[in-house]
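Residue numbers (this note's numbering): 5 to 377.
Where a beta carbon is used, it is the ideal one built from N, C-alpha and C, also for glycine.
Only a predicted model underlies this, so the values are computations on that prediction, with no experimental measurement involved.
Written below as structure tokens is the structure these notes are about.
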Ligand code: PHE
């Protein structure tokens, strides 16, 4: 079908109406193809009839066809711009920011008071040349007791009621004193396994693996089958210290712990050593620091000092010179080397440092309390 010159203006007018009504970019594209498409567009089709027209009509027809194309392209351009603007306006309206909303709180994580205390302990001992290491929480009877001079039936087991692990790896509650732990097989050895009651087994493990000089501090979890109260938990942390060298004495032990106390609590702390008993140290002692709240007087303006219970002293750790039998057991010569060991509770220090009155507050994971520290 051919198109007459007079129809070209109508074609442009129809196209302009349809273009102005195009609902979106896709509809607009379809109209662009239909009217000004290079192959099948109406204008192209009209121009293709040009050679069949009488020569004198060709210039006028060609000019009219080009004028129609310009009107249509201008209409496409206008509608395209309108559609893009409308889309932008919609986007802005849809994604509007409500500046009256309360801000989203940024919660910054931080260390648990127990972790903080362990880091502080290991930092202070690192300053005195002690390397921080860790050991297994599930331990052989051998390391937890036997190698520390606590054979089955030894009364020292009484204070270490603990949790035994049987061969299937499930836990069984038993009294260590009864020696009723289940046996499990390790490298041909049958022996009971338990959740360690203290970090002291690491004394033996470290000495087995290293030659003197040795200087380590070992923080870690320990377990005892005990009723909990304000100062006891069945799961708690200890830090163990061990130093072995050729000329170590009780004086070195005192100096190290004295320095530790002053760095941890500040001021001129006094230390009190009292004889104590541990099967794996000889001689053994209990170390206490003078109370950093009442300065050792036992009283504050409010009366009896709540921090030390009025005694003026804060018991901090058990300690002593490593027993010659333990040294021999790991192949050290007690005539050539000797050393000291100490072990104390981490929670106890954390309670003192944070003023926490009950050890259980550390493990209940109530963020209202933990975040207040
Ligand atoms: N392991 C002992 C306890 O838990 C403390 C201790 C450690 C004593 C090292 C002496 C030497 O009671």
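Closest by C-alpha distance to residue i, when choosing among the options
i           : options               : result
residue 358 : 231, 98, 28 and 119   : 119
residue 345 : 247, 300, 62 and 274  : 247
residue 212 : 46, 331 and 92        : 331
residue 129 : 20, 261, 253 and 90   : 261
residue 169 : 197, 20, 145 and 8    : 197
residue 341 : 371, 328, 105 and 351 : 328
residue 230 : 223, 239, 277 and 305 : 239
residue 32  : 103, 77, 159 and 70   : 77
residue 12  : 64, 44, 55 and 41     : 64
residue 273 : 319, 49 and 289       : 319
residue 373 : 125, 8, 234 and 117   : 117
residue 352 : 237, 69 and 255       : 237
Helix, strand or coil at residue i [DSSP, three-state]
i           : result
residue 271 : coil
residue 303 : strand
residue 318 : strand
residue 228 : coil
residue 240 : strand
residue 112 : coil
residue 37  : helix
residue 159 : helix
residue 131 : coil
residue 347 : strand
residue 86  : helix
residue 143 : strand
Buried versus exposed call for residue i [16 or more other C-beta atoms within 10 Å across all chains shown]
i           : result
residue 325 : buried
residue 201 : buried
residue 444 : Residue 444 falls outside the range modelled here, since the chain spans only 5 to 377, and no answer is possible.
residue 366 : buried
residue 285 : buried
residue 147 : buried
residue 368 : exposed
residue 139 : buried
residue 46  : buried
residue 371 : exposed
residue 245 : buried
residue 16  : buried
residue 103 : exposed
residue 115 : exposed
residue 281 : exposed
residue 105 : exposed
residue 291 : buried
residue 3   : Absent from the model: residue 3. The displayed extent of the chain is 5 to 377, so no value can be given.
Residue i - partner residues in DSSP beta bridges
i           : result
residue 289 : 279 and 323
residue 221 : 136 and 245
residue 264 : DSSP, once it has assigned bridges, lists no residue as partnering residue 264.
residue 61  : Looking at the DSSP assignment, residue 61 forms no beta bridge with any residue, so it has no partner.
residue 207 : Note: residue 207 sits in no beta bridge, so no partner.
residue 332 : In DSSP, residue 332 forms no bridge with anything.
residue 380 : Any answer about residue 380 is impossible in this case: the structure gives the chain only from 5 up to 377.
Whole-Å CB distance - residue i paired with residue j, under 8 Å assumed
i           : j           : result
residue 275 : residue 293 : 6 Å
residue 83  : residue 23  : 5 Å
residue 218 : residue 343 : 7 Å
residue 350 : residue 208 : With 8 Å as the limit, residue 350 and residue 208 do not qualify as a contact, their Cβ atoms being about 21 Å apart.
residue 227 : residue 257 : Actually they do not touch by this definition, with Cβ atoms about 27 Å apart.
residue 62  : residue 54  : 6 Å
residue 126 : residue 220 : With 8 Å as the limit, residue 126 and residue 220 do not qualify as a contact, their Cβ atoms being about 10 Å apart.
residue 379 : residue 289 : Absent from the model: residue 379. The displayed extent of the chain is 5 to 377, so no value can be given.
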